[in-house]
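**Q**
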Amino acid sequence: MTLKFNKGFGLGFSTAGFQHEMGLRGSEYESDWYLWVHDPENITAGIVSGDLPENGPGYWDLFSTDHSIAQSLGMDIARLGLEWARIFPRPTFGVKVRVEEEKGEIRAVEVQEPALKEMDSLANRGAVERYSQILRDWKSRGNKLIINLYHWPLPVWLHDPIRVRKLGPDRAPSGWVDPRSVVEFAKFAAYVNWKFGELADMWSTMNEPNVVWGLGYLNVRSNFPPGYLDLKSMLTARSHIMDAHARAYDVLKETGKPIGVIYALSDVQPLDESSSKAAEDYDYFSHYLFLDSLSRGTGREDLKGKLDWIGVNYYTRTIVSPGQKLAADLPAIRVVPGYGFACPPSSRSLDGRPTSEFGWEVYPEGLYNVILKLKSRYSLPMIVTENGIADSKDNWRSWYLVSHLHQIHRAISQGADVRGYLHWNLIDNYEWASGFRMKFGLVYVDLETKRRYLRPSALVFREIARNKEIPDSMEHLAGPPRL
Ligand code: PGI
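Quick note on my numbering: the sequence shown kicks off at 340 and runs consecutively.
1) Just to confirm my understanding: we take residue 796, look at its own chain, exclude 5 residues before and 5 after, and list those with CB closer than 7 Å. What are they?
2) How about residue 558 and residue 601: do their beta carbons lie closer than 8 Å?
3) Would you mind working out which of 504, 731, 727, 364 sits nearest residue 743, comparing C-alpha positions?
4) Measuring CA to CA, which of 580, 396, 416 is closest to residue 516?
5) Between which two residues does the beta strand (DSSP E) carrying residue 417 extend?
6) At a threshold of 7 Å, does residue 652 count as lining ligand 1 (C-beta to nearest heavy atom)?
7) Are residue 413 and residue 804 closer than 8 Å when you measure CB to CB?
8) Are residue 775 and residue 763 touching if we call contact CB-CB under 8 Å?
9) Would residue 428 and residue 463 qualify as a contact pair, given that the criterion is a beta-carbon distance under 8 Å?
10) Using a threshold of 7 Å, is the CB atom of residue 550 nearer than that to any non-hydrogen atom of ligand 1?
11) Cα separation between residue 566 and residue 342?
12) To the nearest angstrom, how far is it from the Cα of residue 388 to the Cα of residue 753?
13) Comparing the CB of residue 763 with every heavy atom of ligand 1, is any distance shorter than 7 Å?
14) If you draw a straight line from the C-alpha of residue 540 to the C-alpha of residue 564, how long is it?
15) Please say whether residue 421 and residue 488 have beta carbons closer to each other than 8 Å?
16) Using only CA atoms, which one of 674, 396, 620, 718 lies nearest to residue 610?
17) Check the DSSP bridge columns for residue 498 and list the partner residues they point to.
18) Might you give, ordered along the chain, the residues of its own chain that have their beta carbon closer than 8 Å to the beta carbon of residue 592, omitting 5 neighbours on each side?
19) Between the Cα of residue 354 and those of 800, 769, 666, spot the shortest distance and give me the residue it belongs to.
20) Going by beta-carbon coordinates alone, are residue 352 and residue 761 separated by less than 8 Å?
21) Going by DSSP, what residues sit across from residue 484 in a beta bridge?
22) Report the rounded CA-to-CA distance for residue 819 versus residue 702, giving the unit in angstroms.
23) Skipping 5 residues on each side, what residues in its chain have a beta carbon closer than 7 Å to that of residue 574?
24) Have a look at residue 448 and residue 584 and give me their C-alpha separation to the nearest angstrom.
25) Which of helix, strand or coil does DSSP assign to residue 711?
26) Report, in whole angstroms, the separation of the C-beta atoms of residue 356 and residue 759, which I expect to be a contact under 8 Å.
27) What does the Cβ neighbour count give for residue 806, buried or exposed, with the cut at 16 atoms within 10 Å?
28) Take residue 458 as the anchor and find which of 440, 483, 491, 423 has the nearest alpha-carbon.
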């Protein structure tokens with residue numbers, strides 16, 4: 340049976356500045372992540388791959404080529420990421436704005452025209468001009484645009500992760516641990532709106548805040564900056580990131596365009612009957628605590644009503660069982676190896692599912708589960724803002740794509756308000772600490788020549804996108820793979 344999406348259902352891609360922009364000379368810029376992946380000790384210790392983002396796909400210069408490819412694949416929506424550190428290479432602390440603070444929480448930030456003009460004199464004009472070209476190029480083709488304000492790198496004047504790791508957050512620029520980051524982020528949001536606001540159809544304040552605090556301060560073997568194991572820093576950073584979202588929301592509200600957050604969601608499942616409490620706790624800790632605060636104001640009345648839509652980044656599930664309680668604020672769980680993100684690469688999960696080159700189990704039903712859980716908890720519009728697979732040979736990507744779209748279709752038929760699907764990724768990108776080895780592109784990028792080549796799965800995407808339907812002839816890709 341052919342599965343139709345409605346005409347307004349968007350199909351497209353996402354970018355993140357750090358992962359896409361650099362590649363051709365002159366596109367480099369500093370950020371905490373830039374320091375992190377260049378740090379000789381990090382490289383020697385294997386904390387980062389040693390691959391450098393300045394050898395990346397070069398979207399900063401080749402954006403128009405990539406937009407043409409996207410269009411030829413039938414894409415009509417993109418979430419494009421702007422780099423705070425590129426636009427403001429120097430501190431914006433000196434630009435005075437009205438701030439209301441209470442109990443260490445930033446309750447209001449007001450950015451008026453004179454402050455914006457002052458910020459303009461601090462901004463990197465070349466970068467602003469280029470972003471304007473990039474956004475206009477995508478919009479001028481008649482497409483939808485979601486502007487995302489933050490996808491992990493911070494300006495070095497806010498965060499020096501190498502020094503934080505050595506000296507602690509009290510003795511080095513500590514990023515989200517520092518309350519000033521909230522104010523500066525709101526100012527950045529106001530500036531972006533002032534410059535590019537008319538081009539946005541929707542806003543996303545940030546990508547996967549849960550990954551930033553979780554991998555930065557808790558799960559430090561994940562090799563994210565600052566890799567500083569400290570519960571107190573995690574809690575502080577988390578609280579400031581929530582404030583940052585809320586204050587950016589306030590600043591953008593006047594645009595009348597929907598403002599959301601893009602969140603890393605996985606389908607949390609109990610290993611067995613004795614694990615249901617563990618699963619619930621983990622789901623709450625990693626997902627609902629943040630989303631509840633910002634939608635219902637749970638625990639923080641002032642954060643209530645700060646979400647108009649939710650971006651769902653979904654790759655796989657997480658299976659948990661009861662485990663050690665490391666601290667009062669952490670769930671007593673163990674992530675069960677052999678499922679979800681915790682599998683051997685290019686192999687099978689304990690359920691016999693294929694795993695990606697990253698060792699992530701392919702589990703499409705989890706996307707359906709996540710969407711329905713979010714629907715019943717928040718009844719907000721959703722867009723799947725990331726979904727894809729590290730699969731350099733394109734063995735599994737077509738099946739991954741179709742099976743996940745099939746689950747979205749199923750969720751929509753159950754009444755979920757899902758408005759689009761953005762594949763991760765259009766082109767091969769720089770995978771943070773893992774470098775270039777992990778290939779997520781529908782399109783292969785030769786990093787020497789920067790030439791783009793379609794992988795076969797790109798044509799499957801095109802077939803679906805052009806007609807906004809999964810044709811009957813792809814039905815075999817909707818279920819489990821035929822091996
Ligand atoms: O790894 C693929 C993509 C990244 O390239 C994106 O920048 C990022 O938003 N991805 C997968 C996830 N998030 C993103 C899922 C959660 C996750 C984050 C970090 C899993 C492992 C490490």
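C-beta: ideal position from N, C-alpha, C; glycine also. Just so you know, these numbers come straight off a predicted model, no measurement behind them.
**A** Short version:
1) In the sequence shown, counting from the first residue as 1, residue 796 sits at position 457. Closer than 7 Å at Cβ, skipping near neighbours: 733, 736, 737, 740, 781.
2) The residue given as residue 558 occupies position 219 in the sequence shown. The residue given as residue 601 occupies position 262 in the sequence shown. The answer is no: Cβ separation not under 8 Å.
3) Taking the sequence shown and counting its residues from 1, the one referred to as residue 743 is at position 404. The option with the nearest alpha carbon to residue 743 is 727.
4) Translated into positions along the sequence shown, residue 516 becomes position 177. Per the Cα distances, 580.
5) The residue labelled residue 417 in the question sits at position 78 within the sequence shown. First-last of the beta strand (DSSP E) with residue 417: 416–420.
6) Here the question's residue 652 lines up with position 313 in the sequence shown. Flag set: Cβ of residue 652 near ligand 1.
7) Along the sequence shown, one-based indexing puts residue 413 at 74. Along the sequence shown, one-based indexing puts residue 804 at 465. Against a cut-off of 8 Å, the Cβ pair of residue 804 and residue 413 comes out as a contact.
8) If you number the sequence shown from 1, residue 775 lands on position 436. If you number the sequence shown from 1, residue 763 lands on position 424. Contact: no.
9) As a working note, residue 428 is residue 89 in the sequence shown. As a working note, residue 463 is residue 124 in the sequence shown. In this structure, residue 463 lies closer than 8 Å to residue 428 by Cβ.
10) Locating residue 550 in the sequence shown gives position 211, counting from the first residue. Indeed, a heavy atom of ligand 1 lies less than 7 Å from the Cβ.
11) As a position in the sequence shown, residue 566 is number 227, starting the count at 1. As a position in the sequence shown, residue 342 is number 3, starting the count at 1. Computed Cα separation, rounded: 45 Å.
12) The residue given as residue 388 occupies position 49 in the sequence shown. The residue given as residue 753 occupies position 414 in the sequence shown. Their backbone Cα atoms lie some 43 Å apart in a straight line.
13) Translated into positions along the sequence shown, residue 763 becomes position 424. At least one heavy atom of ligand 1 is nearer than 7 Å to the Cβ of residue 763, so yes.
14) Start at 1 with the first residue of the sequence shown, and residue 540 comes out as number 201. Start at 1 with the first residue of the sequence shown, and residue 564 comes out as number 225. About 32 Å.
15) Counting from 1 along the sequence shown, the entry for residue 488 is found at position 149. Counting from 1 along the sequence shown, the entry for residue 421 is found at position 82. Yes, they are a contact pair.
16) Looking up residue 610 in the sequence shown gives position 271. Out of 674, 396, 620, 718, 674 has the C-alpha closest to the C-alpha of residue 610.
17) Your numbering for residue 498 matches position 159 in the sequence shown. 513.
18) Taking the first residue of the sequence shown as position 1, residue 592 is located at position 253. Closer than 8 Å at Cβ, skipping near neighbours: 598.
19) To locate residue 354, count along the sequence shown from 1; it is residue 15. Residue 769 is the option with its Cα nearest to residue 354.
20) Reading the sequence shown from its first residue, position 13 is the one you call residue 352. Reading the sequence shown from its first residue, position 422 is the one you call residue 761. Their beta carbons are under 8 Å apart, which means residue 352 touches residue 761 by this criterion.
21) Along the sequence shown, one-based indexing puts residue 484 at 145. Its beta-bridge partners are 417.
22) Position 480 of the sequence shown, counting from 1, holds the residue named residue 819. Position 363 of the sequence shown, counting from 1, holds the residue named residue 702. Distance between the alpha carbons of residue 819 and residue 702: 9 Å.
23) The residue you call residue 574 lines up with position 235 of the sequence shown. Within the same chain, residue 574 has close Cβ partners 668.
24) As a position in the sequence shown, residue 448 is number 109, starting the count at 1. As a position in the sequence shown, residue 584 is number 245, starting the count at 1. Rounded to whole angstroms, residue 448 to residue 584 spans 12 Å at the Cα level.
25) Counted from its first residue, the sequence shown places residue 711 at position 372. Three-state DSSP puts residue 711 in a helix.
26) The residue given as residue 356 occupies position 17 in the sequence shown. The residue given as residue 759 occupies position 420 in the sequence shown. No, residue 356 and residue 759 are not in contact; Cβ-Cβ is about 21 Å, not under 8 Å.
27) The residue labelled residue 806 in the question sits at position 467 within the sequence shown. The residue in question, residue 806, is exposed, as its Cβ has fewer than 16 Cβ neighbours within 10 Å.
28) Your numbering for residue 458 matches position 119 in the sequence shown. If we check each option's Cα against that of residue 458, 423 comes out closest.
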